[in-house]
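Visitor:
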Amino acid sequence: MKTRTLPLVAALLLAPLTAMAETAAAVDKGDTAWLLTSTALVILMTIPGLALFYGGMVRSKNVLSVLMQVFLTFCVIAIAWAVYGYSLAFTAGNAFVGGADRLFMSGLTVESIAATFSKGVYVPEMAYFVFQLTFACITPCLIVGAFAERLKFSAVLVFLLFWFTFSYVPVAHMVWFWAGPDAYTDAEAGAAAGAMAGFIFQKGALDFAGGTVVHINSGIAGLVGAIFAGRRVGYGRAPMPPHNLPMVMIGASLLWVGWFGFNVGSNLEANGLAAQVFANTLLATASAAVAWSFAEWIWRGTPTVLGAASGAVAGLVAITPACGWVGPMGAIAIGVIAGLLCLAAVTKLKARFGYDDSLDVFGVHCVGGIVGSLLTAVFCSPSLGGTGVYDYVANAVAPYSIGGQLVAQLWGVGVTILWSGAVSVAGYALVRALIGLRVSEDEEREGLDTRSHGESAYT
Amino acid sequence: MKTRTLPLVAALLLAPLTAMAETAAAVDKGDTAWLLTSTALVILMTIPGLALFYGGMVRSKNVLSVLMQVFLTFCVIAIAWAVYGYSLAFTAGNAFVGGADRLFMSGLTVESIAATFSKGVYVPEMAYFVFQLTFACITPCLIVGAFAERLKFSAVLVFLLFWFTFSYVPVAHMVWFWAGPDAYTDAEAGAAAGAMAGFIFQKGALDFAGGTVVHINSGIAGLVGAIFAGRRVGYGRAPMPPHNLPMVMIGASLLWVGWFGFNVGSNLEANGLAAQVFANTLLATASAAVAWSFAEWIWRGTPTVLGAASGAVAGLVAITPACGWVGPMGAIAIGVIAGLLCLAAVTKLKARFGYDDSLDVFGVHCVGGIVGSLLTAVFCSPSLGGTGVYDYVANAVAPYSIGGQLVAQLWGVGVTILWSGAVSVAGYALVRALIGLRVSEDEEREGLDTRSHGESAYT
Amino acid sequence: MKTRTLPLVAALLLAPLTAMAETAAAVDKGDTAWLLTSTALVILMTIPGLALFYGGMVRSKNVLSVLMQVFLTFCVIAIAWAVYGYSLAFTAGNAFVGGADRLFMSGLTVESIAATFSKGVYVPEMAYFVFQLTFACITPCLIVGAFAERLKFSAVLVFLLFWFTFSYVPVAHMVWFWAGPDAYTDAEAGAAAGAMAGFIFQKGALDFAGGTVVHINSGIAGLVGAIFAGRRVGYGRAPMPPHNLPMVMIGASLLWVGWFGFNVGSNLEANGLAAQVFANTLLATASAAVAWSFAEWIWRGTPTVLGAASGAVAGLVAITPACGWVGPMGAIAIGVIAGLLCLAAVTKLKARFGYDDSLDVFGVHCVGGIVGSLLTAVFCSPSLGGTGVYDYVANAVAPYSIGGQLVAQLWGVGVTILWSGAVSVAGYALVRALIGLRVSEDEEREGLDTRSHGESAYT
Amino acid sequence: MKLITAIIKPFKLDDVRDAIGELGVLGITVTEVKGFGRQRGHTELYRGAEYVVDFLPKVKLELAVSDELLDQALEAIIRAARTGKIGDGKIFVSTLDDVIRIRTGETGAQAL
Amino acid sequence: MKLITAIIKPFKLDDVRDAIGELGVLGITVTEVKGFGRQRGHTELYRGAEYVVDFLPKVKLELAVSDELLDQALEAIIRAARTGKIGDGKIFVSTLDDVIRIRTGETGAQAL
Amino acid sequence: MKLITAIIKPFKLDDVRDAIGELGVLGITVTEVKGFGRQRGHTELYRGAEYVVDFLPKVKLELAVSDELLDQALEAIIRAARTGKIGDGKIFVSTLDDVIRIRTGETGAQAL
Ligand SMILES: Nc1ncnc2c1ncn2[C@@H]1O[C@H](COP(=O)(O)OP(=O)(O)O)[C@@H](O)[C@H]1O
Ligand SMILES: Nc1ncnc2c1ncn2[C@@H]1O[C@H](COP(=O)(O)OP(=O)(O)O)[C@@H](O)[C@H]1O
Ligand SMILES: Nc1ncnc2c1ncn2[C@@H]1O[C@H](COP(=O)(O)OP(=O)(O)O)[C@@H](O)[C@H]1O
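Chains as they are written, first to last, in numbering that gives the first Met the number 0: chain A, 0 to 458; chain B, 0 to 458; chain C, 0 to 458; chain D, 0 to 111; chain E, 0 to 111; chain F, 0 to 111.
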């Protein structure tokens, strides 16, 4: 989308995302049904999905601490989203952050409607609000894996709320906020609409369901966290195998199932494209799981369950930004590449630099997110089975250049890395100064469950 | 809704709930899709959700007995619902129980349709039947937690079938049976329609998704059961910690996810209000989980996983009657209040009176249900962000009085407590006389799994 | 459906399943929403559902091997389905196998549409593709249970890919491929359309959601596999109890929940019939669980959790072919009969013949599938509350004969048994010759997890 | 010094611990074990397969005591663990050559 | 009286129990243990991390026998537990000062 | 021959194994146990119910050694297992009448 300037007045007249003027008839109950279903699926993906995926990977003395961190973070961020997150992310403001229109959800009623990606098609804004809430909630939860098994519970909550406010919300605004397709009536209006969109959106970066906003964003915060937190006591000497691999497998499976809500719901409509997003999400994941575990089989002698699960998640991450723009064969290619590269990141990169990213948040989410974001530019190309990019002014698919799109994607990746990295450094430093990051060595040895939460997982 | 008398003939002419005369065109596939999805979600909430939530909380020697009680109760009640439950609850009869029109589901075909809460909008009656079936099934299952770890399996099944027949079915009829919105064509017709509704409905009590029918109803039956059954051997002396807290957490999460079917499905339509019910359900739950675990943190020193999970369930219970009438900020308030009050009930009240409600069915479901039912009257008020109550005759929101509504709610709460209490006393006494309630002390010590079911949970 | 010949040219002119000519307006978003939801549910049913159901039943030293076999088979078959499976199963070819039109999903775009069972009603073909993919994926996974705890991982993957290609794909084509209802404009066109349908479809056999294609098909492959693989070391002497029955119960519950996607999704539309399929699936399952566990109670002294779970699965299997043709009371009858017969198969038949079908794939899926397929003919009868068979030429329900339909059903059952049996024998023999089927006795004793996958499930 | 090894019913653990605690014995080591003896187990049924489970869950206590405390300790254990029903368990007494407290290196009765 | 402590391969448990059952020994106490010895373990791989697991699952049997039964019991255990492969395990024999049956208070050989 | 039974903190297991491995001791048997002693446990809270958990996870090592190796082995264990904090654990030494290797039937010091 090109960006030109337009009198501010006109820009403000465009009803960003919500258009009360439209009649409710523009809302199809089939879309609403799918959006609500998708929202429930994203919740399933977080609790219990992500919680189990992470919980199974830690030692049994820390499983409750991980479950608790994921569960309560989800709850706290949900409230923060209702109070200010949604407003700052999804109402008009500047290119970096939204406005105050929806603070405390004011003005958001059962009648409010939000734009989709098709002209004249709307969904209830309340459904959009709650769907986006689940994205806002899962993203900080992802970070938990990086510093698992050693942080104070209070430090985790405070940091994640800080990071949500200063990194998630603005990045979501930068990548996803736009005026909606109906604003693109002609070239001039399109330019005006473009100018009020988020910064990364304006650069033309594509991110269908959160490769940058969710995965790179949280992956970097994880890496910074792993470094700030330091290694776990005994790391590299004592074995730290997953305490319950079936739990990891349940978690990975629920992540997969829930991810259909995540990716397909992001289409906002229940149409043919939704089905294609579904197929892409399935095929990329399957390919990545096969790639990771077969690579292990060849190089290490056995295909592991943890590898298959990790590969699946890597594939899910990588297809996330791409899923609405690529064809199924492109999705398979993305899955294979992401599976192999994330495996390399998790084994080689981590060993090389010696940081203790407990559950490989960086290696899977950040690396997978970058791989997916860049490959989006490649396989989006109609020449490679992709959809190309739709020009809402011309009402047709625009001419496509892989190189040009790659530059746009690099903007998205780069800005997200820098922004989240900076916010994370500030956040961890602050929390370390205020509360302290780590529990005592004694507590770490005994396990966080009994000491931080006063409970034992299994009796 | 006001209640006036009307010649019985006219009342019978009104097609209660189902209106064959309407054309099938009034059925939107989006609504049907959402209703089917919701139904599947409520099942997920029961099996495995509730089964795991309860199963994880008992000792490992009794986990199978709890799973089995939930699973088979679900199955038995499903059949009873098809044979007579649905007919007695959801066809026209008197103010306390329905009629025989749908015994063995007779006359219920793929063409039958059922009213929603919007005029002229219908859903397939078969979908309504099966959605309501899941409510009928989960409610008796909830009671299982109160007398867990000590009852004979046969006693459990027989009591719950008895209680379903004489408490669930009539209370559902009293609270939810009405003629549907299309019957309210003018004041007179509205009065006639009102007169054929259930007793509590006629009192004007609001219960969107089952605060009275499901939670108070089962909570009282649980309390009576805990008292009738007596305490578990060793109660108060031997530790009885949950044997598997991750299982509790999975259960609580699936309860939450499934509850979106429960509450949002109760809207019967996939529209903006459905989305608001969704948001309310999410926000109240998150707030209650935060409230409960932070209160523990402050008062007891550590925030526990069991506390967060319990808080979430308390929030879910409390928002259930309110979810379609309150705004999101009201939902947050309800969640916080319910979280704190249920915590108090579970710790103080139980200790005070010394009954052994094994898994706190009374403390969470009955107390949470009462809190939610009464707060519905408060936050339903348009002045507090609620929707008010719609007047189908005037086709507009009616003037609202918190005090007036509170009286109506008290009718709902009071009648349910008395009715379910009485039926429960009768039921337990009967079963005790016929079969005996408790297993032998030896069996209780060894565990119900090996002795009542001939199996061990883990090997 | 009667079958007459028609010039081949005309047959090819009929657009099989997909009809580009139709306008997109024929696609209802409510149907699409439900189809996507159903697809996600079938995935949930497989991973983690089936994986847990099976994983919980094996000994703890082999749980990962079972999870891995299910997970990776799912992934591999998904890719095979995209590459060639869908094309060979669901495009026009001959009566036994489809054509090459959709190899690598060529020509399958977001615009492509597929027929439903109602004239003029279409769904996005991409949604149909991915829904059918999940059927293709779960079916080979079912077989895993028959030879669990003893096969080489490579042997499992290679055999299942072989079997998928030569048994699943052609049987799916034979049973389900047809020209869609719009082809049946008049008697002659109907005959032409009939002639291009799959072989078993032409015989008039009814299989709503996969009694033959999925369950008999995989059940036979399981039996042959159990015989080829031979018994586990220590079978019959050493106890081999399920290592984690709560896991089995979670699995069974998720199978049940997911099965609503399987059966109801097969209706392709979110209408009243979908709701009836839902009710049937629920009631048959509940009845079968009650029947199995009460039979155990009477004959063995205790109702078991494994029995209730097994009964539920038996009921699900048996209602699968019938669910769209029978009434709810017929569904209950089918459930009871299937529960009892599968129990007999699993206890008596297996003991009698001494094969080691580890997790009773034959006893539950094949026997349940046969029972369901034959009873479909009985309870489909309008005189027994069934729907009868719709005649798309007459646009009315055709006269119904139980005997005639029974013959058709026997064709379906018989051909599937023979076909899958033959392919299985060939496949196992081939794999045994190429790779060898079993792991070493030492590895089997130690457990497949550590040796084949280099991991321990629990630490 | 003597080592007392007692195999008892699991639900008696707390009672026994309290009983010996009163004697001033400060340490016990507890192991979950399975016992096979006169007490009959139960039958488990998994689909067609029936297994007789005759290994029953028991708890094994080990406590090292000085020779003087031996009799009192034995008595206390017997009193607390007895239900009078079959399966109450056994106590084995054996002689320890030495006891060492790792933290301090103390040996003999000092280390108890 | 003697206490026989045998560390054996888990899958041999049933055979050993049957073998000593034939001698009329009525009680055994079984513990799941991990053994470290000449028998090599395996390598486990979790993403990047490789662990050598050389603690192998073993089963520890304890049975108290009268002096007369000792040799027969040892022979029976050896016969039933031997596979001839490394890792078959060890038997330790030690002396018991006393045995007490909790239920009855009987001591010595009576209590076995 | 002597049987050394050491109750140690779980996270010290690898260190102790390495320390005795260096002495050429080739076998150890390890059991997960719960220990009750001077070291205080923690409190657990489940809704209204508060439990004091004073059984702490410990690891029990058993190793049979020849009389000559006894002192060295004890020293090695103490060195590796000591943290100096309460709860480090105890070592018990007792006499073995005999040791048998099941695989070969060897007895006595040969069998170690
Ligand atoms: N000879 C023995 N050696 C080792 N353990 C024994 C012996 N006899 C009994 N036990 C242990 O004591 C437990 C109780 O023994 P049992 O014969 O069932 O009843 P009782 O103690 O009343 O005689 C057994 O389960 C077993 O663990
Ligand atoms: N000296 C020892 N002290 C205690 N346990 C031992 C000793 N040596 C061996 N074991 C136990 O015996 C098991 C088998 O010993 P191992 O050396 O593997 O084979 P083998 O018994 O054939 O010599 C070990 O796993 C360990 O549990
Ligand atoms: N008399 C005893 N008999 C058996 N085990 C003991 C005895 N005393 C201590 N233990 C074991 O040693 C462990 C450590 O003892 P504890 O008193 O906590 O600290 P310390 O070893 O520093 O004195 C205990 O948890 C228990 O398992």
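Glycine is no exception: its CB is placed at the ideal position from the N, C-alpha and C atoms.
Could you tell me which residues DSSP puts in a beta bridge with ILE112/A?
Guide: Start at 1 with the first residue of the first sequence, and residue 112/A comes out as number 113. ILE112/A is bridged to PRO123/A.
Visitor: Please return the same chain residues whose Cβ sits closer than 7 Å to the Cβ of GLU49/E, not counting the five positions on each side in sequence.
Guide: In the fifth sequence, residue 49/E corresponds to position 50, counting from 1. Closer than 7 Å at the Cβ level, and outside the excluded window around GLU49/E, lie THR42.
Visitor: Could you please tell me which residues of the segment 34 to 47 of chain D, in chain order, have their CB closer than 8 Å to any CB of chain C?
Guide: GLU43, LEU44, TYR45, ARG46 and GLY47
Visitor: Kindly list the residues whose CB is nearer than 6 Å to the CB of ALA88/A, restricted to its own chain and excluding five residues on each side of it in sequence; keep chain order.
Guide: Numbered from its first residue, the first sequence carries residue 88/A at position 89. Result list for ALA88/A: GLY97, VAL168, ALA171 and HIS172, in chain order.
Visitor: Using the Cβ count rule (16 or more neighbours within 10 Å means buried), how would you classify GLU445/B?
Guide: Sequence index remark: in the second sequence, residue 445/B carries index 446 (1-based). So GLU445/B ends up on the buried side.
Visitor: Within its chain, find whatever has a CB closer than 8 Å to the CB of SER93/E; leave out the 5 residues flanking it on each side and keep chain order.
Guide: As a working mapping, residue 93/E is identified with position 94 in the fifth sequence. So the list reads LYS1, LEU2 and THR4, once near-sequence residues are dropped.
Visitor: Under the assumption that SER286/B contacts ILE331/B (Cβ atoms under 8 Å), give the Cβ distance between them as a whole number of angstroms.
Guide: Locating residue 286/B in the second sequence gives position 287, counting from the first residue. Locating residue 331/B in the second sequence gives position 332, counting from the first residue. Contact holds; Cβ gap of about 5 Å.
Visitor: Report yes if the C-beta distance between ARG475/C and HIS242/C is below 8 Å; otherwise report no.
Guide: The displayed coordinates of chain C run from 0 to 458. Any statement about residue 475/C would go beyond what the structure contains.
Visitor: Could you confirm whether any beta carbon from chain F is found closer than 8 Å to the beta carbon of SER86/A?
Guide: Numbered from 1 along the first sequence, position 87 holds the residue referred to as residue 86/A. For SER86/A, the answer is no, since every Cβ of chain F falls outside 8 Å of its Cβ.
Visitor: Taking a Cβ distance cut-off of 9 Å, strictly less, list which residues of the segment 283 to 303 of chain A are near chain I, in chain order.
Guide: Chain labels in this structure do not include chain I; the protein chains are A, B, C, D, E and F.
Visitor: Nearest-angstrom Cα distance between SER65/F and LEU111/F?
Guide: Walking along the sixth sequence from the start, residue 65/F turns up at place 66. Walking along the sixth sequence from the start, residue 111/F turns up at place 112. Computed Cα separation, rounded: 8 Å.
Visitor: On the CB-based measure, 16 or more other CB atoms within 10 Å of its CB, does TRP162/A come out buried or exposed?
Guide: The residue given as residue 162/A occupies position 163 in the first sequence. When all chains shown are included, TRP162/A counts as buried.
Visitor: Have a look at the DSSP bridge pairing and note the partners of PHE35/F.
Guide: For the purposes of this step, residue 35/F is taken as residue 36 along the sixth sequence, with counting starting at 1. Beta-bridge pairing links PHE35/F to ILE27/D.
Visitor: What are the start and end residues of the beta strand (DSSP E) that includes VAL263/B?
Guide: Position 264 of the second sequence holds residue 263/B. That residue, VAL263/B, is in no beta strand (DSSP E); its alpha helix (DSSP H) goes 244 to 264.
Visitor: State the CB to CB distance for the pair GLY209/A and THR319/A, rounded to an integer number of angstroms; the pair is presumed to be in contact (CB under 8 Å).
Guide: Residue 209/A sits at position 210 when you count from the first residue of the first sequence. Residue 319/A sits at position 320 when you count from the first residue of the first sequence. Confirmed, about 5 Å.
Visitor: Mind checking if GLY88/E is an interface residue toward chain F, Cβ cutoff 8 Å exclusive?
Guide: One-based indexing of the fifth sequence puts residue 88/E at position 89. Yes, contact with chain F.
Visitor: Sort ASP97/D, ASP96/D, LEU73/D and THR30/D by Cα distance to PRO56/D and report the nearest one.
Guide: Residue numbering aside, residue 56/D sits at position 57 when the fourth sequence is read from its first letter. Nearest of ASP97/D, ASP96/D, LEU73/D and THR30/D to PRO56/D, Cα basis: THR30/D.
Visitor: Got a sec? Which residues, its chain only, sit under 8 Å from LEU12/C by beta carbon, not counting five neighbours each side?
Guide: On the third sequence, position 13 is the one that residue 12/C refers to. Only weak support is given to the placement of LEU12/C: the predicted model assigns it a pLDDT of 33, under 50, and the value that follows is read from those uncertain coordinates. Cβ neighbours of LEU12/C beyond the five flanking positions: none.
Visitor: Does any C-beta atom of chain B lie closer than 8 Å to the C-beta of ASP17/D?
Guide: By one-based count along the fourth sequence, residue 17/D stands at place 18. Closer than 8 Å: no.
Visitor: Go ahead and label ILE333/A buried or exposed: buried means 16 or more other beta carbons lie within 10 angstroms of its beta carbon, across all protein chains shown.
Guide: Taking the first residue of the first sequence as position 1, residue 333/A is located at position 334. Buried, because 16 or more other Cβ atoms sit within 10 Å of the Cβ of ILE333/A.
Visitor: For the beta strand (DSSP E) that contains ALA397/A, what are its first and last residues?
Guide: The sequence position of residue 397/A within the first sequence is 398, counting from 1. Taken as a continuous stretch (DSSP letters only), ALA397/A belongs to no beta strand (DSSP E), as it is neither H nor E.
Visitor: When you compare the segment 233 to 240 of chain B with the segment 93 to 107 of chain A, are there three or more beta-carbon pairs, one atom per stretch, that lie closer than 8 Å?
Guide: For the pair of segments examined, the segment 233 to 240 of chain B was found not to touch the segment 93 to 107 of chain A: the number of CB pairs separated by less than 8 Å stays below three.
Visitor: Please determine whether the Cβ atom of VAL24/E lies at a distance below 7 Å from any heavy atom of ligand 1.
Guide: Position 25 of the fifth sequence, counted from the first residue, corresponds to residue 24/E. It does: the Cβ of VAL24/E is within 7 Å (strictly closer) of some heavy atom of ligand 1.
Visitor: Between the beta-carbon of ILE46/A and the beta-carbon of PHE70/A, is there less than 8 Å?
Guide: Residue 46/A sits at position 47 when you count from the first residue of the first sequence. Residue 70/A sits at position 71 when you count from the first residue of the first sequence. Their beta carbons are under 8 Å apart, which means ILE46/A touches PHE70/A by this criterion.
Visitor: Taking a contact to mean a Cβ-Cβ separation below 8 Å, would you say LEU205/B touches THR375/B in this structure?
Guide: Within the second sequence, numbered from 1, the residue matching residue 205/B stands at position 206. Within the second sequence, numbered from 1, the residue matching residue 375/B stands at position 376. A contact, by the Cβ cut-off of 8 Å.
Visitor: Using a Cβ cut-off of 7 Å, which residues of the segment 186 to 211 of chain A contact any Cβ in chain F, in chain order?
Guide: Listed by position along the chain: nothing, the set is empty.
Visitor: Would a C-beta distance cut-off of 8 Å place SER166/B and TRP410/B closer than the cut-off?
Guide: By one-based count along the second sequence, residue 166/B stands at place 167. By one-based count along the second sequence, residue 410/B stands at place 411. Cβ atoms of SER166/B and TRP410/B: not closer than 8 Å.
Visitor: For LEU433/A, does the count of other Cβ atoms within 10 angstroms reach 16, so buried, or fall short, so exposed?
Guide: Numbered from its first residue, the first sequence carries residue 433/A at position 434. Answer is exposed; the Cβ neighbour count stays below 16.
Visitor: Helix or strand or just coil, what does DSSP make of THR449/C?
Guide: As a position in the third sequence, residue 449/C is number 450, starting the count at 1. Note: THR449/C maps to helix in three-state DSSP.
Visitor: Going straight from the alpha carbon of VAL256/C to that of LEU22/E, what length do you get?
Guide: Locating residue 256/C in the third sequence gives position 257, where the first residue counts as 1. Locating residue 22/E in the fifth sequence gives position 23, where the first residue counts as 1. In a straight line, the C-alpha of VAL256/C is about 54 Å away from that of LEU22/E.
Visitor: Quick one: does ASP359/A have its CB under 8 Å from some CB of chain C?
Guide: Against the first sequence, residue 359/A aligns to sequence position 360. So, not an interface residue.
Visitor: Sorry if obvious, but does the Cβ on ASP87/D come closer than 7 Å to a heavy atom of ligand 1?
Guide: Here residue 87/D is taken as the residue at index 88 of the fourth sequence, counted from 1. Yes, the beta carbon of ASP87/D sits closer than 7 Å to at least one heavy atom of ligand 1.
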